[in-house]
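Student:
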Amino acid sequence: PVESYARNYSNFDISLAPIKNHIFNRMKSQLKVIEAGFYKKAIIASNIGPYTIDLKHALDKGQFTDGNALLVDEHKNHSDWSKFIKKLVDNPNMITDLGERLYETVKDKYNLNNVTHERASFYKSLIK
184 PVESYARNYS NFDISLAPIK NHIFNRMKSQ LKVIEAGFYK KAIIASNIGP YTIDLKHALD
244 KGQFTDGNAL LVDEHKNHSD WSKFIKKLVD NPNMITDLGE RLYETVKDKY NLNNVTHERA
304 SFYKSLIK
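Read in order, the letters of the sequence shown correspond to residues 184 to 311 in our numbering.
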């Protein structure tokens, strides 16, 4: 149910957001990213379209970097999903760190008060 959907984020530590790379999915929003961020959940996502707006890959040659997510390139779909899940399960602090970093990325940008203020300002500018 829509009124309890978000509570499901308390039932897991890692959000998985795979989408196929086609025109419809490239036009979707980054809602899964925003939801995971507000709930401070680590996210592993497809490296396409809407997910690339706010996500920055957090691994470079296997080393943890300053990114806020783990991104799976389409040509690595067969291997990176399981590899990244294992990396996080074996490194629980990385789950926490990625969740905190993603929260910092989305908390102000998508805060309802901030978004509402920006929209109101935009609409007012249209009628001037």
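Note that the Cβ used here is the ideal one computed from N, Cα and C, for glycine as well. For clarity, every value in this text was computed on a predicted model and none was experimentally measured.
1. Give me the Cα-Cα distance between phenylalanine 207 and proline 275, rounded to the nearest whole angstrom.
2. Could you compute how far the alpha carbon of alanine 200 sits from the alpha carbon of histidine 300?
3. Quick one: grab the DSSP three-state call for isoleucine 236.
4. Is it true that the CB of leucine 254 sits closer than 8 Å to the CB of threonine 248?
5. Apply the 10 Å Cβ neighbour rule to glutamine 246 and answer buried if 16 or more other Cβ atoms are within range, or exposed otherwise.
6. Per the DSSP calculation, valine 255 is bridged to which residue(s)?
7. Using DSSP with H/G/I as helix, E/B as strand and the rest coil, what is isoleucine 197?
8. Whether or not the stretch 223-241 and the stretch 264-279 are in contact is what I'm after, with contact meaning three or more pairs of Cβ atoms, one per stretch, closer than 8 Å; do they touch?
9. On the DSSP letters alone, give me the boundaries of the alpha helix (DSSP H) that threonine 299 sits inside.
10. Does DSSP put aspartate 291 in a helix, a strand or coil?
11. What's the C-alpha gap between tyrosine 293 and glutamine 213?
Tutor: Looking at the atomic coordinates:
1. Each residue's alpha carbon lies about 34 Å from the other.
2. Distance between the alpha carbons of alanine 200 and histidine 300 is about 29 Å.
3. DSSP places isoleucine 236 in the coil class of the three-state scheme, outside both helix and strand.
4. no
5. exposed
6. Bridge partners of valine 255: Ser229.
7. Taken through DSSP and simplified to helix, strand or coil, isoleucine 197 comes out as strand.
8. Because the criterion of three Cβ pairs below 8 Å is met, the stretch 264-279 and the stretch 223-241 touch.
9. 295-309
10. coil
11. 11 Å
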